[in-house]
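Sequence order for the protein chains is A and B.
Position 338 of the first sequence, counting from 1, maps to 338 under the UniProt record's numbering, and the rest follow consecutively.
Position 143 of the second sequence, counting from 1, maps to 143 under the UniProt record's numbering, and the rest follow consecutively.
We put the beta carbon where it would ideally sit given N, CA and C, even for glycine.
2 protein chains.
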Amino acid sequence: MFGASTLIVKIVGSIGVVSAGLDLGKEGPMVHIGTCIASLLGQGGPDNYRLKWRWLRYFNNDRDRRDLITCGAASGVSAAFRAPVGGVLFALEEVASWWRSALLWRTFFSTAMVVVVLRGFIEFCNSGKCGLFGKGGLIMFDVSSVTVSYHVMDLLPVIVIGIIGGVLGSLYNYVLHKVLRLYYLINEKGRMHKVLLSVGVCLFTSACLYSLPFLAPCTRCDPSLPENACPTSGRTGNFKQFNCPDGYYNDLASLLHSTNDDAVRNIFSTSTPTEFHPISLLIFFALYCILGLFTFGIATPSGLFLPIILIGSAYGRLLGLVMGPYTNIDQGLYAVLGAASLMAGSMRMTVSLCVIFLELTNNLLLLPITMIVLLISKTVGDTFNPSIYEIILHLKGLPFLEAHAEPWMRNLTVGELAAAKPFLVTLCGIEKVSRVVEVLRNTTHNGFPVVDHGVIPPAEQQSGATELHGLVLRTHIVAVLRKKWFLPQRRRTEEWEVREQFTSVDLAERDQKIDEVVLTEGEMDMYIDLHPFTNSTPYTVVESMSVAKAVVLFRQVGLRHVLIVPKYQAAGMSPVVGILTRQDLRANNILVAFPHLAKSKEREKSRVGHA
Amino acid sequence: MFGASTLIVKIVGSIGVVSAGLDLGKEGPMVHIGTCIASLLGQGGPDNYRLKWRWLRYFNNDRDRRDLITCGAASGVSAAFRAPVGGVLFALEEVASWWRSALLWRTFFSTAMVVVVLRGFIEFCNSGKCGLFGKGGLIMFDVSSVTVSYHVMDLLPVIVIGIIGGVLGSLYNYVLHKVLRLYYLINEKGRMHKVLLSVGVCLFTSACLYSLPFLAPCTRCDPSLPENACPTSGRTGNFKQFNCPDGYYNDLASLLHSTNDDAVRNIFSTSTPTEFHPISLLIFFALYCILGLFTFGIATPSGLFLPIILIGSAYGRLLGLVMGPYTNIDQGLYAVLGAASLMAGSMRMTVSLCVIFLELTNNLLLLPITMIVLLISKTVGDTFNPSIYEIILHLKGLPFLEAHAEPWMRNLTVGELAAAKPFLVTLCGIEKVSRVVEVLRNTTHNGFPVVDHGVIPPAEQQSGATELHGLVLRTHIVAVLRKKWFLPQRRRTEEWEVREQFTSVDLAERDQKIDEVVLTEGEMDMYIDLHPFTNSTPYTVVESMSVAKAVVLFRQVGLRHVLIVPKYQAAGMSPVVGILTRQDLRANNILVAFPHLAKSKEREKSRVGHA
């Protein structure tokens, strides 16, 4: 998922997408590039090119890899929006499923580095050496020049923006979900279909971008503007001449015939109440609604921020035009608030969006009303459907645990959940090689409980007593099998024997396949001592614990496996009744096994609906 | 700790402190006031005035109270600095010991309300109706007017600021720690000593503030300034006349004879390279170092932000004077960076400080260098001592779990920790009243494991089998005793019997004392069925788990008690070997019981020192 080839494809792809003028954000690929680099660093180099640095293996453990990936995602966002603090918060609010203060510090450090490097490049490119890069400095959509003055009465339009933004945002989520499902069906039919779909969307985009400005009326240039500022025909600028006579400009062309960033900058431009014709804005809004919905699912690197900002800013500016006579707030600020409301209505983030908008627009006085808009849109949106990220994760079937346990999870115990799974495979502390190989070949589990029989210390010696030794990971067993570290007879090994054979780097190796291990008849009859490779203190839960509580434990501590221990203590019983993984705890997987819970969930929903 | 009387004392006290001109921040009392209000809301009203609203009891549970208190703290910070996003992050980085996305949303909502109300008041007070309140608008120390331009070469002074700030910050922590310990000794001697100490510090402060400006030289007013701007004699302004002739001003008087906020504003003032004489700044710096160290511990509501900002800004401006010829950065910005570096060096926060400074100064272009300064100071400071908040928490002995488990905690199992505790008290599922009362009177534990003997379901019936039923809280037992809900014989009760007797509000009642319960001889011979009041799925750990892992579990899931279950499963054994609380897991408490770990810790330190 985060390999070297992905990295190259993403870099090339995102450059192509942006230069093709498709309605896609850069932040998606940026985040992906950041996480790819982080993941490669964590692994010590790409898997398939034998370019591994062994010292980097230090990071090759679950926790550090997760931290690195979070840092990578934060750096991606901060590079895309030049918003270092926003990037940190985005990573924490949306990406990281758990949180600790060291992680905060690390992400902050990586985004600080991103800004310093960005700043260096902008400095270097200042003299126009790098095309459009660095134009506009560190702040992308600067609206700090306008002094925001508003009164209590202006709260009303702000609330209206928030409510409409929330409704639009959830509607966007709903339709995008349908479109993505359709696209998955098309994309599954083969490569040809994928390419055709992408080419079709590209052609449609180009055709619209070129032809639609002909529909817009020409506007006379404001004579108070400096000479050469209107009309222009260059790559940037608010007033493009296009098909208009001298002294006139085509406002829709100014929006469509420039980079997406410039389009946003134009819509956000303040103190220009008559610059954009309502009809042009309406066409722009409608066009980007369609493009935003139909472009995201094609087989290219893509992000959601920019399409939503484009739609939202057009909607905000339109609303500003309508409200014009009744309010003190500038139309450009309406556009900013519209963009913020649609973002919150669709993505349902608050703090990180607020900071990203602060860093994008550099207007601190706008902060209070931005906060209100974000809160209202998020609340309105949440009443209709989940956030767009949750929808996409759900579509892709990734084992991402929801932040909240569902209410019906309280009525199900982990014991019931474990009983519904087909079977539990336990291994003995000292196990025959043939049995280990058989277990690994016939199951896909990544962790196995290790149980010892009759090895209680003398003082407590009793018949039939068993001991739960811990949890052993599949990768570790495979590592042992590859090294062929077998024992001719059943015996416990000493620690130094293991130390001699295995370094922590050997055990950190991932993705080892059991199929690659070839064993002789004689080796199959030997024994493996699993004790040294077993995590002897796995997290455990009692079988009567509710699933909701187990979800909290998984999510907060960031676990992969939890062992379920029995409630009753008696001789002869197995000391472990099951094992839970992230996949087991996902709401959908539980509902497949327990359909009656789905019904009770619907009943609850309809009851809430009637109440 | 968060009662109604505290609230009133804090409000009156903080007004008094600020108007006395003491070197103390407002944010400490503000946070405390916010948390008091939150805590009162959570309880449904003050305890002792019979002013309780029953509907508010809804929040009277651990989780919601904690959330409310976090919101209160965030609101306090955002009110003190007019920094809503900074307040949220401060609460998350420093106050909350655990985190979930719903909490983020809630704190964000409360700070948004704070800003809206603040904004309303500022609007209302605009015409000068409220004295100095609202002067300067929503941004306290605005330096946005200056365009920050810096080059790669300017990174060097920035790094120097960071390093010196880190060293100064940790030095401040070290000395403040000593002073606070001295003050605790003095304050313990009685009220008279407390009052004398406070009065002494007040007198010293006043004397210094009045007399020191006589030492400063008079400076001629810049003739380019508008008339009446220099010299002034009002409450605000950069150029106070004081003892100087007409046409001259006393720069030290301008800093000392105004509110602390104004002093900071004056030092941060940009494009005024010759305004402050180095000697005046040096006196100011030295004075506030002394005041900052000796004022914090006196018996008044106090905060640390402002004293540190004052010291840091003076140090930064001094450094700016020295570096003047070699750099492009304005002296005012040096002062800002100096303040940031000392804050990070003392408090060791990164993201929240960064956002607070952004919101205080409203200069987004300063963000990259602020980030670098914060990172460097924090790193330098962390090599010397813990953050000032950790030092104070440690001095006060509050059971606040450190974010990180200490390395030596990996070598200790929870079983060993439990064995070192004097004794474990378990209760039976159906227990005699006399035994329950005896246990409650003779222990101070807040939770007891409940164990059932021989109540295994038929299929698994065996002799001597025991079952861990769960964990019962002291408050719940006391509630049962107060209601005198006893059974004449040993029997399991039905759920409806309990529902009839107890509402969730009864059980949420806190601070019930066992001493207030009076029971007759006959009642003592009856039985209590503890099953309905028992949390039957407490979090458990196996006795062989390391203390480090248990700390992570406590901290991440936000627990109060964890039961320790045995590693070996055999008939006749107790199904629980111990119980862990937050107090048990604090590093210091463990070191008292296991002094050899402290030695190994020191050995490790000295080894690191030699390496």
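Euclidean distance between Cα positions of residue i and residue j
i, j, result
"Leu155(A)", "Phe284(A)", "27 Å"
"Tyr288(B)", "Tyr248(B)", "25 Å"
"Ile391(B)", "His177(B)", "7 Å"
"Asn243(A)", "Leu281(A)", "18 Å"
"Ile279(B)", "Thr361(A)", "41 Å"
"Arg220(B)", "Gln331(B)", "20 Å"
"Gly16(B)", "Met323(A)", "47 Å"
"Leu337(A)", "Gly578(B)", "56 Å"
"Leu591(A)", "Asn442(A)", "26 Å"
"Ile139(B)", "Ser269(B)", "14 Å"
"Leu375(B)", "Ala229(A)", "43 Å"
"Met409(B)", "Ala80(A)", "42 Å"
"His277(A)", "Tyr172(A)", "25 Å"
"Asn411(B)", "Val517(B)", "44 Å"
"Asn385(B)", "Val160(B)", "20 Å"
"Ala593(B)", "Phe533(A)", "31 Å"
"Val143(B)", "Leu196(A)", "54 Å"
"Leu597(B)", "Ala587(B)", "10 Å"
"residue 652(A)", "Asp67(B)", "Past the edges of chain A, shown from 1 to 611, lies residue 652(A), and the structure says nothing about it."
Within chain A, partners of residue i - CB distance below 8 Å
i, result
"Arg119(B)", "Pro368"
"Val77(B)", "Ordered by position in chain A, no residue passes the 8 Å Cβ test against Val77(B), which lies about 14 Å from the chain."
"Ile139(B)", "Leu364 and Leu365"
"Val88(B)", "Val351"
Under 7 Å from the C-beta of residue i: neighbouring residues of chain A
i, result
"Asn362(B)", "Leu364"
"Phe109(B)", "Leu375"
"Ser546(B)", "Thr537"
"Val552(B)", "Val557"
Neighbour list for residue i in chain B, Cβ cutoff strictly below 7 Å
i, result
"Met409(A)", "Going along chain B, no residue has its Cβ under 7 Å from Met409(A), so there is no contact; the nearest lies around 13 Å."
"Trp105(A)", "Thr350"
"Lys549(A)", "Thr537"
"Glu390(A)", "Within chain B, no residue comes near Glu390(A); the closest Cβ sits about 12 Å away, beyond 7 Å."
Residue i: first and last residue of the uninterrupted alpha helix (DSSP H) it sits in
i, result
"Ile186(B)", "Leu155 to Glu188"
"Glu93(A)", "No alpha helix (DSSP H) holds Glu93(A); DSSP gives it neither H nor E."
"Tyr210(A)", "Arg191 to Ser211"
"Pro278(B)", "Pro278 to Thr295"
"His445(B)", "It is not in any alpha helix (DSSP H) - His445(B) carries neither H nor E in the DSSP assignment."
8 Å Cβ cut-off: residues of chain B touching residue i
i, result
"Lys567(A)", "Glu467 and Leu468"
"Val115(A)", "Leu367, Pro368 and Met371"
"His151(A)", "Glu123"
"Leu540(A)", "It is Thr, not Leu, that sits at residue 540(A) in the sequence shown. What Thr540(A) touches in chain B: Thr540, Val541, Val542 and Val565."
Unbroken beta strand (DSSP E) run spanning residue i, endpoints
i, result
"Ser529(A)", "The sequence shown places Asp at residue 529(A), rather than the Ser named in the question. Per DSSP, Asp529(A) belongs to the beta strand (DSSP E) from Tyr527 to Asp529."
"Asn260(A)", "Note, Asn260(A): premise wrong, no beta strand (DSSP E); alpha helix (DSSP H) at Asn260 to Phe268."
"Tyr249(B)", "Tyr248 to Asn250"
Where residue i meets chain B, residues with beta-carbon distance less than 9 Å
i, result
"Val84(A)", "Inspection of the sequence shows that residue 84(A) is occupied by Pro rather than by Val. The contacting residues are Cys354, Leu367, Pro368 and Met371."
Residues of the segment 340-356 of chain A whose Cβ lies closer than 8 Å to any Cβ of chain B, in chain order
Residues passing the 8 Å Cβ filter: Thr350, Val351, Cys354 and Val355.
Would the segment 79-93 of chain A count as touching the segment 348-357 of chain A if we require 3 or more Cβ pairs under 8 Å?
The segment 79-93 of chain A vs the segment 348-357 of chain A: in contact.
Tell me which residues of the segment 242-270 of chain A have at least one Cβ-Cβ distance to chain B shorter than 8 Å, keeping chain order.
Against chain B - using a Cβ distance shorter than 8 Å - the segment 242-270 of chain A contributes no residues.
Any chance the segment 19-30 of chain B sits against the segment 71-82 of chain B, with 3 or more Cβ pairs inside 8 Å?
Between the segment 19-30 of chain B and the segment 71-82 of chain B, the count of C-beta pairs closer than 8 Å reaches three or more; the two stretches touch.
Assess, as a yes-or-no matter, whether the segment 423-439 of chain A is touched by the segment 546-562 of chain A under the definition of 3 or more beta carbon pairs within less than 8 Å.
Not touching, per the Cβ criterion.
Listed in chain order, which residues of the segment 163-191 of chain A have Cβ atoms closer than 7 Å to some Cβ of chain B?
Taking 7 Å as the Cβ-Cβ cut-off against chain B, none of the residues of the segment 163-191 of chain A qualify.
Chain-ordered residues of the segment 469-501 of chain B with a beta carbon less than 7 Å from chain A
Correct list: empty, as no residue qualifies.
Near-chain B residues of the segment 63-77 of chain A (beta-carbon distance less than 9 Å), N- to C-terminal order:
Sequence-ordered contacts of the segment 63-77 of chain A with chain B are nonexistent [C-beta pairs closer than 9 Å].
Per the contact definition of three or more C-beta pairs closer than 8 Å, is the segment 365-375 of chain B in contact with the segment 106-126 of chain A?
With the cut-off at 8 Å, the segment 106-126 of chain A and the segment 365-375 of chain B touch.
Name, going along the chain, the residues of the segment 322-342 of chain B whose beta-carbon falls closer than 9 Å to a beta-carbon of chain A.
Taking 9 Å as the Cβ-Cβ cut-off against chain A, none of the residues of the segment 322-342 of chain B qualify.
Any 3 or more C-beta pairs closer than 8 Å across the segment 431-442 of chain A and the segment 469-480 of chain A
A contact exists between the segment 431-442 of chain A and the segment 469-480 of chain A.
Three or more C-beta pairs under 8 Å: does that hold for the segment 178-194 of chain A against the segment 207-224 of chain A?
Touching, no, given that fewer than three Cβ pairs across the two stretches are closer than 8 Å.
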